[in-house]
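What follows is a single structure, written as structure tokens, with notes after it.
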Amino acid sequence: MQGVRGRRGEEVAVTGTRKVTVSTDVHGHTAGWAETPEAPPATPTPDLSGAAFFDVDNTMMQGASIYWFARGLAARKYFTTGDLARFAWQQAKFRLLATEHAGDMSQAKEAALAFIQGWRVDDVERLAEEIFDELMAPRIWAGTRRLAQQHLAAGQRVWLVSAAPVEIGRVIAARLGLTGAIGTVAEVRDGAYTGRLVGDLMHGPAKAEAVTQLAAVEGLDLSRCAAYSDSANDLPMLSAVGRPVAVNPDAALLRQARTRGWEVRDFRTGRRAVKIAVPSTAAAGLLAATVTAALALHRRRQPPTP
Numbered sequence: 011m012q013g014v015r016g017r018r019g020e021e022v023a024v025t026g027t028r029k030v031t032v033s034t035d036v037h038g039h040t041a042g043w044a045e046t047p048e049a050p051p052a053t054p055t056p057d058l059s060g061a062a063f064f065d066v067d068n069t070m071m072q073g074a075s076i077y078w079f080a081r082g083l084a085a086r087k088y089f090t091t092g093d094l095a096r097f098a099w100q101q102a103k104f105r106l107l108a109t110e111h112a113g114d115m116s117q118a119k120e121a122a123l124a125f126i127q128g129w130r131v132d133d134v135e136r137l138a139e140e141i142f143d144e145l146m147a148p149r150i151w152a153g154t155r156r157l158a159q160q161h162l163a164a165g166q167r168v169w170l171v172s173a174a175p176v177e178i179g180r181v182i183a184a185r186l187g188l189t190g191a192i193g194t195v196a197e198v199r200d201g202a203y204t205g206r207l208v209g210d211l212m213h214g215p216a217k218a219e220a221v222t223q224l225a226a227v228e229g230l231d232l233s234r235c236a237a238y239s240d241s242a243n244d245l246p247m248l249s250a251v252g253r254p255v256a257v258n259p260d261a262a263l264l265r266q267a268r269t270r271g272w273e274v275r276d277f278r279t280g281r282r283a284v285k286i287a288v289p290s291t292a293a294a295g296l297l298a299a300t301v302t303a304a305l306a307l308h309r310r311r312q313p314p315t316p
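When the letters of the sequence shown are read in order and numbered with our numbering, they come out as residues 11 to 316.
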């Protein structure tokens, strides 16, 4: 990974079209984020100290972005629908394992290290753009998108926060006209992923740490910022800002929101929407690793075309 020095001493990883800000705080927590190629148009009175942070899975869209990415790869014959079903089952088993081990992330991190190893960043971003248009765009919650647009209209920056690779998050943010994305950062060398992570999975407390670091770099006042999520796993991030909002909340988050007096928005109609293959806590690492195994098999059979 090539590096240059950015504002306030953070490292900016640059390779090809990729530009990811990587920041490490005094406690050794590393976070990464990427702005969209074209920032949203400026408003007459930009709010430089306020921002909004949106979780992606079941907050901004129905289901998990990494699941829909895998579905799109399956449709392109990178692996079979049987593979898709198998890693969904493996995810369920791993979720139980994570619960039994009280959130131990070591296996999740190890599993995620191999994610898209050897793939070129440009190929992943190209596929993410195609798959977003085909599978993710119809599943964006219109209500959540309106909330994001309200922040933009008020002159604030809007960031997605996801356990998915930061490149996928940035594609989603760009398609929605948002500022950028905070996500899991994979090391890149000569334009291709090495199979190693930079920092930790963007998950649970790591989201709160990343939001805090971005706020320090960008000069944001967290007491004037908002955060949106559907999951109790994101309580640290929600607690870090002045305006936490539960969106399509799970039962645990709904209880916490009512106890703490937080705002609740539910855009689901009728019966609660099914949460399709949504990685929770350590399960995200397994899902990423299973996609990786399928991609590796495809690479042996037929390298991806530029």
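Just so it is clear, CB atoms sit at the ideal spot from N, CA and C, and this is done for glycine as well. Computed from a predicted structure; not experimentally measured.
Going by other Cβ atoms of all chains shown within 10 Å of its Cβ, with 16 needed for buried, is residue i buried or exposed?
i	result
H213	buried
A287	A caution first: A287 carries a pLDDT of 39, below 50, which makes its placement in the model unreliable, though a value can still be read off. Classification of A287: buried, given that the 10 Å Cβ count is 16 or more.
L58	exposed
G113	Residue placement at G113 cannot be trusted, given a pLDDT of 44 that sits under 50; what the coordinates show is reported in the next sentence. Classification of G113: exposed, given that the 10 Å Cβ count is below 16.
E135	buried
Q166	buried
S33	buried
T279	exposed
V36	exposed
T109	Its pLDDT being 43, under 50, T109 is placed unreliably by the model, and nothing is read from it.
S239	buried
T291	Because T291 sits at a pLDDT of 38, beneath the cut-off of 50, its placement in the model cannot be relied upon, and the following sentence gives the value as read from the coordinates. T291 comes out buried.
P47	exposed
R81	buried
D200	exposed
S249	exposed
T269	exposed
P148	exposed
E273	exposed
A262	exposed
Report back the beta-carbon spacing between residue i and residue j to the nearest angstrom; my notes put them in contact at under 8 Å.
i	j	result
G42	T31	6 Å
F64	V168	7 Å
A191	S172	7 Å
N258	T69	7 Å
D260	S241	6 Å
A196	P215	With a Cβ gap of about 20 Å, A196 and P215 do not count as contacting.
Q72	W151	7 Å
A62	C235	7 Å
T5	G271	For the chain, the structure presents residues 11 to 316; residue 5 sits outside this window and is missing.
P254	A226	That pair is no contact at about 19 Å.
By the DSSP assignment, the beta strand (DSSP E) with residue i in it spans what residues?
i	result
E197	G190 to R199
T40	T40 to E45
V171	R167 to P175
Between the Cα of residue i and those of the options, spot the shortest distance and give me the residue it belongs to.
i	options	result
A256	A267, A250, E139 and M247	A267
G179	A152, I141 and R270	I141
M146	V198, L188 and Y77	Y77
Y88	L137, A218, G229 and Q160	L137
A183	V66, E197 and V221	V66
D132	R81, A226, S172 and V181	V181
L170	D200, D231 and T154	T154
L162	G187, L248 and V176	G187
G252	D35, E177 and V221	V221
D143	R206, R185 and K29	R185
L207	G82, T55, T194 and A218	T194
Q127	T269, T204, Q223 and G229	T204
T55	G209, L230, A164 and D210	A164
E219	P246, L230, V198 and G60	P246
G229	T40, E45 and G60	G60
R130	A225, V198 and A158	V198
E177	E139, Q159 and R275	E139
R275	T189, L157 and D231	L157
If you follow the alpha helix (DSSP H) that residue i is in, where does it begin and where does it stop?
i	result
L61	In the sequence as displayed, the identity of residue 61 is Ala instead of Leu. From DSSP, A61 is part of no alpha helix (DSSP H) but of the beta strand (DSSP E) over A61 to D65.
V36	Here V36 belongs to no alpha helix (DSSP H), and DSSP marks it neither H nor E.
E139	V131 to I141
L58	Neither: L58 is in no alpha helix (DSSP H) and is coded neither H nor E.
L157	A152 to A163
Y77	S75 to A85
Is residue i near the ligand COA, going by C-beta to nearest heavy atom under 6 Å?
i	result
A256	Annotation note on the ligand COA: not contained in the displayed structure, which lists no ligands.
3 or more residues per run - each beta strand (DSSP E) lying fully within the region 208-295: Here the runs fully enclosed are 236-239, 253-257 and 273-275.
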